[in-house]
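Student: Before anything else, here's the structure in question.
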Amino acid sequence: EMGDVVATNDEMTTLRNQMRVKLDATLCMECHDLDNSPDFHEPGAFEKYWARIVHEGKD
2 EMGDVVATND
12 EMTTLRNQMR
22 VKLDATLCME
32 CHDLDNSPDF
42 HEPGAFEKYW
52 ARIVHEGKD
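For reference, each letter of the sequence shown is one residue, going 2 to 60 in our numbering.
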């Protein structure tokens, strides 16, 4: 945001939204497989792990 890019507020909002990390368990499964994170596959584990890494209000 502090670089040399000139953008309107609407364009900046669009760019920020494109960079936002989505809550997507399928992406996490690429690394958190049964070999690396067996506990990750228990019911409710994704939500528990996500709560530890989510950055509320940090877009």
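Just so you know, even glycine gets a beta-carbon here, dropped at the ideal spot from N, CA and C.
Roughly how many angstroms separate the alpha carbons of D36 and M30, rounded to a whole number?
Tutor: Here residue 36 refers to the residue found at position 35 of the sequence shown. Here residue 30 refers to the residue found at position 29 of the sequence shown. Each residue's alpha carbon lies about 11 Å from the other.
Student: Using C-beta distances below 7 Å, list every residue in its chain close to Y50, excluding the 5 sequence neighbours before and after it, in chain order.
Tutor: Along the sequence shown, one-based indexing puts residue 50 at 49. Once the five neighbours on either side are set aside, the close Cβ partners of Y50 are F41.
Student: Since L16 is in the alpha helix (DSSP H), which residue starts that stretch and which ends it?
Tutor: Here residue 16 refers to the residue found at position 15 of the sequence shown. Element bounds for L16: 10-20.
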